[in-house]
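Chemist:
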Amino acid sequence: MSIVDLRSDTVTRPTPDMYEAMMNAPLGDDVLGDEPTVSELESLAAKMTVKEAALFVPSGTMGNQVAIATHTQPGQAIIVEQEAHVIYYEVGAPAVFANVLTWTLPSDKGVMDPADIEKRITSANLHTPGTSLICIEDTHNRAGGTIIPLDTIAEYRRIADKHGLKLHMDGARAFNAAVALGVPIGDVTRNVDTVSICLSKGLRSPVGSILCGPKEFIDRARIWRKRMGGGLRQSGVLAACGLVSLTKYVDRLADDHANAQRLAVEIGKLPGLHTDPANTPTNICLVGTDRPAVEWQAMLHGRDVWCFPVAENRIRLVTHADVDSTGVDRAIEVFTELAG
Numbered sequence: 604m605s606i607v608d609l610r611s612d613t614v615t616r617p618t619p620d621m622y623e624a625m626m627n628a629p630l631g632d633d634v635l636g637d638e639p640t641v642s643e644l645e646s647l648a649a650k651m652t653v654k655e656a657a658l659f660v661p662s663g664t665m666g667n668q669v670a671i672a673t674h675t676q677p678g679q680a681i682i683v684e685q686e687a688h689v690i691y692y693e694v695g696a697p698a699v700f701a702n703v704l705t706w707t708l709p710s711d712k713g714v715m716d717p718a719d720i721e722k723r724i725t726s727a728n729l730h731t732p733g734t735s736l737i738c739i740e741d742t743h744n745r746a747g748g749t750i751i752p753l754d755t756i757a758e759y760r761r762i763a764d765k766h767g768l769k770l771h772m773d774g775a776r777a778f779n780a781a782v783a784l785g786v787p788i789g790d791v792t793r794n795v796d797t798v799s800i801c802l803s804k805g806l807r808s809p810v811g812s813i814l815c816g817p818k819e820f821i822d823r824a825r826i827w828r829k830r831m832g833g834g835l836r837q838s839g840v841l842a843a844c845g846l847v848s849l850t851k852y853v854d855r856l857a858d859d860h861a862n863a864q865r866l867a868v869e870i871g872k873l874p875g876l877h878t879d880p881a882n883t884p885t886n887i888c889l890v891g892t893d894r895p896a897v898e899w900q901a902m903l904h905g906r907d908v909w910c911f912p913v914a915e916n917r918i919r920l921v922t923h924a925d926v927d928s929t930g931v932d933r934a935i936e937v938f939t940e941l942a943g
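Sequential numbering from 604 applies to the sequence shown in this note's numbering.
This is the structure:
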């Protein structure tokens, strides 16, 4: 029986049309500035996100860290939600690369209160670092794929402008937010200065993210990418997949959302397991467990259903194109048998 891999949407495999695009992609040297396929991807991403320019980077973490380093100066402070990917899963990179302090704030399901942000902003003086950047995450991984309302992002923009700050979005799954809201991606990203979007999650590319923002910012970000080891040569073989992702595989994210919702509804009916279908708007289903999450992980793994523990009593299930409705049926069946 095939494995139902719900650990993450990062496990998706390239599609046949991606392999074909890789074989036929015109190539150059991106570091030397003549990589036509990368340039095409960057132009398309910038247009879609309503930005002037874009930069292809190997990973979402690099996209975020290049953005933070480009926006800030050593010794400054940034404001980040306390369970954001930047805090939890990027191994202290803001301190290592940008040499900045992180002010972390609580949130309601991944959405920081604008009033809390404004209270946390500091001015540089003899004792305190000045705040220069606000980082938000949309959709929010550890909150369960939750979406920041568009009017809240607009309020973040107002606060940033009032205090002379920049606003960066970790938009690894921003296309999931756009599809769930039924709006173009540009509506999600237009009020932020910069956004980093993963191509290798639900959009199915094997590698890569795209950082979008003002041209002057992207010119400086290119230096930070090189400094971090992200300058690639014939990277058109990867960018070709990204072009397929952005032109063919955005709308189908709605299928992943429907599958995650079905998991939340059906698993939530089982004894000893707890879900919140009303707060499962995209492709991440969080499951509270009465037994330790690692025990559930082991039991599920033994039945070829793979998951990811995110807390002592919580596992995460992430739907994606490589798990169809039959795979979701199988996962629900295994959960039902193990909970009985």
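Glycine included, C-beta positions come from ideal geometry on N, C-alpha and C.
Model, not experiment: these values are computed from the prediction.
From what residue to what residue does the beta strand (DSSP E) around phenylalanine 659 run?
Modeler: It spans 656-660 - the beta strand (DSSP E) in which phenylalanine 659 sits, taken as one unbroken run.
Chemist: Leaving out five residues on either side along the sequence, give the residues of the same chain with a beta carbon under 8 Å from the beta carbon of valine 614.
Modeler: If we look at valine 614 and ignore the five residues flanking it on each side, its Cβ neighbours are Asp608, His923, Asp925.
Chemist: Under 8 Å, do histidine 674 and histidine 771 count as touching if we go by C-beta distance?
Modeler: Cβ atoms of histidine 674 and histidine 771: closer than 8 Å.
Chemist: Check threonine 922 in the structure and name its three-state DSSP category.
Modeler: Here threonine 922 sits in coil by DSSP.
Chemist: In chain order, what residues of the same chain lie with their CB nearer than 6 Å to the CB of threonine 797, ignoring the 5 residues before and after it?
Modeler: These residues qualify, in order along the chain: Ala670, His771, Gly816.
Chemist: Along the chain, where does the beta strand (DSSP E) that runs through isoleucine 788 open and close?
Modeler: No beta strand (DSSP E) contains isoleucine 788, which is instead part of the alpha helix (DSSP H) from 788-792.
Chemist: Cutting at 8 Å between CB atoms, please list the residues of its own chain near glycine 839, excluding the five before and the five after it.
Modeler: Here the set comprises Ala628, Pro629, Leu630, Gly631, Asp633, Glu638, Pro639, Thr640, Val641.
Chemist: Taking a contact to mean a Cβ-Cβ separation below 8 Å, would you say alanine 780 touches threonine 725 in this structure?
Modeler: Contact flag unset, no.
Chemist: Within the same chain, show all residues whose beta-carbon is closer than 7 Å to that of lysine 804, passing over the 5 residues directly before and after it, in chain order.
Modeler: Once the five neighbours on either side are set aside, the close Cβ partners of lysine 804 are Asp612, Thr613, Ala775, Arg776.
Chemist: In angstroms, rounded to a whole number, what distance separates the CA positions of alanine 701 and methionine 831?
Modeler: Between alanine 701 and methionine 831, the C-alpha separation is close to 11 Å.
Chemist: Output needed for phenylalanine 778: all residues of its chain with C-beta closer than 8 Å, excluding positions within five of it in sequence on either side, in chain order.
Modeler: Here the set comprises Ile788, Ile800, Gly805, Leu806, Val853, Leu856.
Chemist: Straight-line CA distance for aspartate 893 to asparagine 728?
Modeler: Aspartate 893 and asparagine 728: Cα-Cα distance of roughly 49 Å.
Chemist: Go to valine 641, then tell me how far its alpha helix (DSSP H) extends in each direction, as first and last residue.
Modeler: Valine 641 -> alpha helix (DSSP H) spans 639-652.
Chemist: Taking the CB atoms as reference points, tell me whether proline 909 and arginine 616 lie closer together than 8 Å.
Modeler: It should be pointed out that residue 909 corresponds to tryptophan in this sequence rather than to proline. No, the pair does not count as a contact, with Cβ atoms beyond the cut-off.
Chemist: Can you list, in chain order, the residues of its chain whose CB lies under 7 Å from that of asparagine 882, leaving out five sequence neighbours each side?
Modeler: Contacts found: Lys712, Gly747, Thr749.
Chemist: Which one or two residues does DSSP pair with leucine 704 in a beta bridge?
Modeler: According to DSSP, which records beta bridges pairwise, leucine 704 is partnered with Ala680.
Chemist: Less than 8 Å separating the beta-carbons of proline 717 and isoleucine 762?
Modeler: Taking 8 Å as the Cβ cut-off, proline 717 and isoleucine 762 qualify as a contacting pair.
Chemist: Give every residue of the same chain whose Cβ lies closer than 8 Å to the Cβ of valine 913, excluding the five residues on either side of it in the sequence, and list them in chain order.
Modeler: Correct list, in chain order: Arg745, Leu889, Ala896, Arg919.
Chemist: Considering only residues of the same chain and omitting the five flanking positions on each side of arginine 917, which have a CB-CB separation below 8 Å?
Modeler: Around arginine 917: Leu889, Val890, Gly891, Thr892, Ala896.
Chemist: Determine which residues share a DSSP beta bridge with cysteine 738 and list them.
Modeler: Partner(s): Val683, His771.
Chemist: Alpha carbon to alpha carbon, how far is threonine 731 from glutamine 676? Give it in angstroms, no decimals.
Modeler: If I take the Cα positions, the gap works out to 14 Å.
Chemist: Quick one: is histidine 688 buried, meaning 16 or more other Cβ sit within 10 Å of its Cβ, or exposed?
Modeler: It is buried - the Cβ of histidine 688 has at least 16 other Cβ atoms within 10 Å.
Chemist: Put arginine 610 into one of helix, strand or coil per three-state DSSP.
Modeler: If DSSP states are grouped into helix, strand and coil, arginine 610 belongs with coil.
Chemist: Within 10 angstroms of the Cβ of isoleucine 751, are there 16 or more other Cβ atoms? Answer buried if so, exposed if not.
Modeler: Isoleucine 751 is buried by the Cβ-count criterion.
Chemist: Please classify aspartate 798: does DSSP put it in a helix, a strand, or coil?
Modeler: Checking the sequence shown, residue 798 turns out to be valine, not aspartate. Looking at valine 798 - three-state DSSP - the assignment turns out to be strand.
Chemist: Cβ of glutamate 684 within 8 Å of Cβ of threonine 664?
Modeler: Not in contact: glutamate 684 and threonine 664 (Cβ atoms no closer than 8 Å).
Chemist: Could you check how far apart the C-beta atoms of methionine 715 and leucine 708 are, in whole angstroms? I think they sit under 8 Å.
Modeler: Yes, methionine 715 and leucine 708 are in contact; Cβ-Cβ is about 5 Å, under 8 Å.
Chemist: Considering only C-alpha positions, which residue in the set Leu841, Ala942, Ala656, His877 is nearest to methionine 626?
Modeler: Comparing Cα positions, the closest option is Leu841.
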